[in-house]
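Q: If you read the protein sequences in the order shown, they are chains X and Y. The opening residue of the first sequence carries number 1 in UniProt numbering; numbering runs sequentially from there. The opening residue of the second sequence carries number 1 in UniProt numbering; numbering runs sequentially from there.
Protein chains: 2
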Amino acid sequence: MKSPAAGAVGTAATATATNGEGVEKKSINPELWQACAGPLVNLPAAGTHVVYFPQGHSEQVAASMKKDVDAQIPNYPNLPSKLLCLLHNVTLHADPETDEVYAQMTLQPVSSFDKDALLRSDLALKSNKPQTEFFCKTLTASDTSTHGGFSVPRRAAEKIFPPLDFSMQPPAQELVARDLHDNVWTFRHIYRGQPKRHLLTTGWSLFISGKRLFAGDSVLFIRDEKQQLLLGIRRANRQPTNLSSSVLSSDSMHIGILAAAAHAAANNSPFTVFYNPRASPSEFVIPLAKYYKAVYSNQISLGMRFRMMFETEESGTRRYMGTITGISDLDPVRWKNSQWRNLQVGWDESTADLKRPRQPGMPDDDSSDLDSLLKRTMPWLGDDICMKDPQAPPGLSLVQWMNMQQNPSLAHSMQPNYMQSLSGSVLQNLPGADLSLSVRHVITSNASAKQRAVKCPKAASASTTA
Amino acid sequence: MKSPAAGAVGTAATATATNGEGVEKKSINPELWQACAGPLVNLPAAGTHVVYFPQGHSEQVAASMKKDVDAQIPNYPNLPSKLLCLLHNVTLHADPETDEVYAQMTLQPVSSFDKDALLRSDLALKSNKPQTEFFCKTLTASDTSTHGGFSVPRRAAEKIFPPLDFSMQPPAQELVARDLHDNVWTFRHIYRGQPKRHLLTTGWSLFISGKRLFAGDSVLFIRDEKQQLLLGIRRANRQPTNLSSSVLSSDSMHIGILAAAAHAAANNSPFTVFYNPRASPSEFVIPLAKYYKAVYSNQISLGMRFRMMFETEESGTRRYMGTITGISDLDPVRWKNSQWRNLQVGWDESTADLKRPRQPGMPDDDSSDLDSLLKRTMPWLGDDICMKDPQAPPGLSLVQWMNMQQNPSLAHSMQPNYMQSLSGSVLQNLPGADLSLSVRHVITSNASAKQRAVKCPKAASASTTA
DNA sequence: ATGTCGGCGCCCCGCCGACAA
DNA sequence: TTGTCGGCGGGGCGCCGACAT
Chain X
1 MKSPAAGAVG
11 TAATATATNG
21 EGVEKKSINP
31 ELWQACAGPL
41 VNLPAAGTHV
51 VYFPQGHSEQ
61 VAASMKKDVD
71 AQIPNYPNLP
81 SKLLCLLHNV
91 TLHADPETDE
101 VYAQMTLQPV
111 SSFDKDALLR
121 SDLALKSNKP
131 QTEFFCKTLT
141 ASDTSTHGGF
151 SVPRRAAEKI
161 FPPLDFSMQP
171 PAQELVARDL
181 HDNVWTFRHI
191 YRGQPKRHLL
201 TTGWSLFISG
211 KRLFAGDSVL
221 FIRDEKQQLL
231 LGIRRANRQP
241 TNLSSSVLSS
251 DSMHIGILAA
261 AAHAAANNSP
271 FTVFYNPRAS
281 PSEFVIPLAK
291 YYKAVYSNQI
301 SLGMRFRMMF
311 ETEESGTRRY
321 MGTITGISDL
331 DPVRWKNSQW
341 RNLQVGWDES
351 TADLKRPRQP
361 GMPDDDSSDL
371 DSLLKRTMPW
381 LGDDICMKDP
391 QAPPGLSLVQ
401 WMNMQQNPSL
411 AHSMQPNYMQ
421 SLSGSVLQNL
431 PGADLSLSVR
441 HVITSNASAK
451 QRAVKCPKAA
461 SASTTA
Chain Y
1 MKSPAAGAVG
11 TAATATATNG
21 EGVEKKSINP
31 ELWQACAGPL
41 VNLPAAGTHV
51 VYFPQGHSEQ
61 VAASMKKDVD
71 AQIPNYPNLP
81 SKLLCLLHNV
91 TLHADPETDE
101 VYAQMTLQPV
111 SSFDKDALLR
121 SDLALKSNKP
131 QTEFFCKTLT
141 ASDTSTHGGF
151 SVPRRAAEKI
161 FPPLDFSMQP
171 PAQELVARDL
181 HDNVWTFRHI
191 YRGQPKRHLL
201 TTGWSLFISG
211 KRLFAGDSVL
221 FIRDEKQQLL
231 LGIRRANRQP
241 TNLSSSVLSS
251 DSMHIGILAA
261 AAHAAANNSP
271 FTVFYNPRAS
281 PSEFVIPLAK
291 YYKAVYSNQI
301 SLGMRFRMMF
311 ETEESGTRRY
321 MGTITGISDL
331 DPVRWKNSQW
341 RNLQVGWDES
351 TADLKRPRQP
361 GMPDDDSSDL
371 DSLLKRTMPW
381 LGDDICMKDP
391 QAPPGLSLVQ
401 WMNMQQNPSL
411 AHSMQPNYMQ
421 SLSGSVLQNL
431 PGADLSLSVR
441 HVITSNASAK
451 QRAVKCPKAA
461 SASTTA
């Protein structure tokens, strides 16, 4: 890999997929994978250090099986709530049946890390991915019915599709697009009707039936660097694939996760995890630098102001604000003093009025309806686009923390009260700290129809604010 | 349960399915489940004692994921190669997407058992299930094309379907059949053409497309005790559902199985397994009495004659004979002295000429073509229909063995040489001993086209013979 | 006994602009 | 700007017996 510290998906992950027998298959386009995963997903870069949360991994399995953990899981007292790991490898995958995207990561627990490792992780974070041009549309009843084709949003057609020859009557062309598996789909793109509009006609119904799409699912188009048209899907139907339960019991799965992590931690041997961004409630493999910033650059306390990113229905992002209303262990028996979902946050009602920042590929939508904004309630880790409020509580800089790590006695004494006395003079150099992994409950400050919307998110991209 | 010792599926398993949230769903018809599972599948009865083989369980996962076990699996030195368990519960399931049948079993390791338990297990074995009337047909290209309907085998239509009114011209009726999920399918059943034949026309294409069936898949019809028509499917496409790999790594799955069993064995606490009869190479939960008969009623030795049951293409059964050519550990490092696949068997060429016993619901097929006979190479545990050969090596009777169990010093000294000296006078009371779990490699005694067919089966219902 | 095919009737898929939101 | 609908033309679904194996 030429640029090991790059954080963008395109360079962070080797975009190859191997099946169970080790046969190399078609590679997966990283930009398309990213588009299908959603705007807030950001995989850590291979070769960097990460923090792995067994609780979060277990949560993903529970979400995939729609089943909570049972009581018969043995304790693994030697398995800490978080593991410092070296991320050896990241490969992108897509389910051949459903096109669901997921990533495979090979992690190796390490007992310590050096300054270079931390800096590499921080550098990978800062390199923002080049947002490729894409558009995403939720399919309507007309789009998916057998009665007609696909109505293309005007801006999308003009921005993504090759330009039409308007001297033709009507203007039309043949579009060729490839999906995640490199399958080719061809559509007739025509500009007709009264008033004029862009339509995909011939070939569209084959796509709809072939991918088994229904109204409410989403389809997206992007152009890669070679100006090739790619397309992907995102299913609205969030019913968990209960399929896996025919192979392994839920208990065995959870035990398998914990035992595999415990075994790897005891032997410092590599282990493999799968991260499914659209099934998992939260990322459970966090870049070391991001983890540091979340935990050590701020003094987490009750009443602290909070900012978090959500994904909107149309694949946009939206800030949301709230206040920390509680700090406690999610599972005090099994995972004591874990930072996984130890914060409760009450969300502001007023933040619904915040304007969503315009992003490329995002249709213009100025709706302030909270219900629609949060229909896609799966939370995501956000880009580091949050600005630090000058009145934020003081924290430690990256350099300060590294120095403390090299001075064990000092690090050991690093308590909230001590941290509070440190100077926050270098804070402005730090992007917002992502605390999403710590967020548990979402509480509305006002009883209204909004309660329906905010019940679902359990965690999301979050930043402390004043 | 009225008859706790019954071994038939209908009474052995509670035919209810619960989803992940504990909501009771429609019950699954046990006869239909049995028909879909195949003629050789025989689930142990709830309430009886069984022997659980972690190796076999792991094999099922490997087969489901089409991936062998990797090296990174930790050793579980305290987990024996077989666990004596009390089978608390058996529930029948069917995958809602694929109709694949599987069973969920709750096992609790026990350190000992009494005479009643052994007798109950033996009693459950002896109760033969009432073979319901059914027929099974492999779909042809014409059956699955959009050009026409389904050609019903004559005997099948006469035996299973309600009789037609032949005063009509042409004779026709509407058939209503329910699948495993209690979904209703209606077909027009007509007797027409030159020469006359039974056909399913209107409604058939909806079924084919709805179940996503292709030529080579099989469809089966049965009548339940209320004369209701039921239908099921068996897919020929044995491609493993790689879906589960998007949730959990193969390593974690294997670790999960072993760790769950080890934890349950250490605490004598219950654990849950899923048995998928059409994906698993062999059953890995064996009735205690069947295990006993396999291991203790015969002196296993090199050169011993061997008999095993296979499932034929048309859902029939077929005996196959061979000779034990080797006895050794499948995995000497991890599972020393395990009885799982420790026998190699060379199959007789001449056994291809054996007549298959006529069974209800099985179309007449006197083909002696070995290739076609063994196309369905997945092996199954068979019914106890094998007769004991008078010249068989001597073994222990059930009563003798029980007495030895109550006399530890005697049981401890129970060695092959010792057993050989015992009288075999009560042997005729014993059905053939099923050794299928121990069979590993299949070696043809003659190089020919038959080699292709016999490479695949790794184990099947087997009995020692002279 | 039953798998495949030519014939062909008619259903419904799918392309069109009209309209409205 | 774009979702839904009536209109309608034609491709293919699906029912039929012929024929072969």
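Ideal placement from N, C-alpha and C gives every residue a C-beta, glycine not left out.
DSSP state of residue 267 (chain Y), grouped into three classes?
A: Residue 267 (chain Y) falls in the helix class under three-state DSSP.
Q: Along the chain, where does the beta strand (DSSP E) containing residue 147 (chain Y) start, and where does it finish?
A: Looking at the DSSP string, residue 147 (chain Y) is not in any beta strand (DSSP E), and its letter there is neither H nor E.
Q: By Cβ distance below 6 Å, which residues in the same chain neighbour residue 117 (chain Y) in space, the five residues on each side in sequence not counted?
A: These residues qualify, in order along the chain: 49.
Q: Taking 8 Å as the CB-CB cut-off, is residue 133 (chain X) touching chain Y?
A: Residue 133 (chain X) does not count as touching chain Y.
Q: Does the region 219–236 of chain X come within contact of the region 173–181 of chain X, defined as at least 3 CB pairs closer than 8 Å?
A: Yes, the region 219–236 of chain X touches the region 173–181 of chain X.
Q: Please state whether DSSP places residue 185 (chain X) in a helix, a strand or coil.
A: Here residue 185 (chain X) sits in strand by DSSP.
Q: Would you check if the distance between the CB atom of residue 272 (chain Y) and the CB atom of residue 249 (chain X) is smaller than 8 Å?
A: In this structure, residue 249 (chain X) lies closer than 8 Å to residue 272 (chain Y) by Cβ.
Q: Can at least three beta-carbon pairs, one atom from the region 273–283 of chain Y and one from the region 34–43 of chain Y, be found at a separation below 8 Å?
A: Segments in contact, yes.
Q: Would you call the region 156–167 of chain X in contact with the region 103–110 of chain X, where contact means no fewer than 3 C-beta pairs closer than 8 Å?
A: Result no; under three Cβ-Cβ pairs closer than 8 Å.
Q: Please determine, among X:346, X:330 and X:267, the residue with the shortest C-alpha to C-alpha distance to residue 323 (chain X).
A: Out of X:346, X:330 and X:267, X:346 has the C-alpha closest to the C-alpha of residue 323 (chain X).
Q: Give the single residue among X:61, X:101 and X:294 whose Cα lies nearest to the Cα of residue 234 (chain X).
A: Measuring from the Cα of residue 234 (chain X), the nearest candidate turns out to be X:101.
Q: Quick check on residue 141 (chain Y): buried or exposed, where buried means 16 or more other Cβ atoms within 10 Å of its Cβ?
A: Its Cβ having fewer than 16 others within 10 Å, residue 141 (chain Y) is exposed.
Q: Could you check whether residue 255 (chain Y) and residue 266 (chain X) sit closer than 8 Å to each other, using their CB atoms as the reference points?
A: No, Cβ-Cβ distance for residue 266 (chain X) and residue 255 (chain Y) is not below 8 Å.
Q: What residues in the region 98–130 of chain X bring their beta carbon closer than 7 Å to a beta carbon of chain Y?
A: Here the close residues are 100 and 102.
Q: Do you know offhand how far residue 73 (chain Y)'s Cα is from residue 328 (chain X)'s?
A: Going by the C-alpha atoms only, they are around 35 Å apart.
Q: Within this structure, are the beta carbons of residue 145 (chain Y) and residue 197 (chain Y) separated by less than 8 Å?
A: No, these two residues do not count as a Cβ contact at 8 Å.
Q: Might you give, ordered along the chain, the residues of its own chain that have their beta carbon closer than 6 Å to the beta carbon of residue 37 (chain Y), omitting 5 neighbours on each side?
A: So the list reads 101 and 277, once near-sequence residues are dropped.
Q: Are any of the Cβ atoms in chain X nearer than 8 Å to that of residue 249 (chain Y)?
A: Yes, its Cβ sits closer than 8 Å to a Cβ of chain X.
Q: Find the nearest neighbour of residue 135 (chain Y) within the set Y:308, Y:120, Y:160 and Y:344, judged by alpha-carbon distance.
A: For residue 135 (chain Y), the nearest C-alpha among the options comes from Y:160.
Q: Please state whether DSSP places residue 303 (chain X) in a helix, a strand or coil.
A: Coil, per DSSP.
Q: Counting only Cβ pairs nearer than 7 Å, list the residues of chain Y close to residue 91 (chain X).
A: Within chain Y, no residue comes near residue 91 (chain X); the closest Cβ sits about 12 Å away, beyond 7 Å.
Q: Write down the C-beta distance between residue 132 (chain X) and residue 28 (chain X) rounded to the nearest angstrom, noting that I regard them as a contact closer than 8 Å.
A: That pair is no contact at about 15 Å.
Q: Determine the chain X residues that contact residue 74 (chain Y) at a beta-carbon separation under 7 Å, and present them in chain order.
A: Neighbours of residue 74 (chain Y) on chain X, chain order: 263.
Q: Helix, strand or coil for residue 248 (chain Y)? Go by DSSP, reduced to three states.
A: Of the three classes helix, strand and coil, the one that applies to residue 248 (chain Y) here is coil, per DSSP.
Q: I think residue 54 (chain Y) touches residue 300 (chain Y), with their Cβ atoms under 8 Å apart; what is that distance to the nearest whole Å?
A: About 22 Å; that fails the 8 Å criterion.
Q: Mind listing which residues of the region 266–280 of chain Y have their C-beta closer than 9 Å to chain X's C-betas, in chain order?
A: Those residues of the region 266–280 of chain Y that come within reach of chain X (Cβ to Cβ, closer than 9 Å) are 266, 267, 269, 270, 271, 272, 273, 274, 276 and 279.
Q: At the 8 Å Cβ level, is residue 260 (chain Y) part of the contact set with chain X, yes or no?
A: It does; some Cβ of chain X falls within 8 Å.
Q: Quick one: is residue 247 (chain Y) buried, meaning 16 or more other Cβ sit within 10 Å of its Cβ, or exposed?
A: Burial call: buried.
Q: Do the CB positions of residue 220 (chain Y) and residue 35 (chain Y) come within less than 8 Å of each other?
A: Yes, these two residues count as a Cβ contact at 8 Å.
Q: Check this for me: beta carbons of residue 31 (chain Y) and residue 182 (chain Y), under 8 Å apart or not?
A: Cβ atoms of residue 31 (chain Y) and residue 182 (chain Y): not closer than 8 Å.
Q: Using CA atoms only, rank isn't needed, just tell me which of X:288, X:88 and X:308 is closest to residue 124 (chain X).
A: Considering only alpha carbons, the answer is X:288.
Q: With distance defined between alpha-carbon atoms, name the residue in Y:191, Y:184 and Y:143 nearest to residue 162 (chain Y).
A: Closest by alpha carbon: Y:191.
Q: Between the C-alpha atoms of residue 356 (chain X) and residue 307 (chain X), what's the straight-line distance to the nearest angstrom?
A: Because the pLDDT at residue 356 (chain X) is just 33, under 50, the model does not fix this residue reliably, and the value given afterwards should be weighed accordingly. Whole-angstrom Cα-Cα distance: 13 Å.
Q: Return the first residue and the last residue of the beta strand (DSSP E) that residue 109 (chain X) is part of.
A: Its beta strand (DSSP E) spans residues 101–109.
Q: Mind pulling the chain X residues with CB within less than 8 Å of residue 257 (chain Y)?
A: Here the neighbours are 248, 252 and 256.
Q: Assign residue 245 (chain Y) to buried or exposed, taking buried as 16 or more other Cβ atoms, counted over all protein chains shown, within 10 Å of its Cβ.
A: Buried, by the Cβ-count rule.
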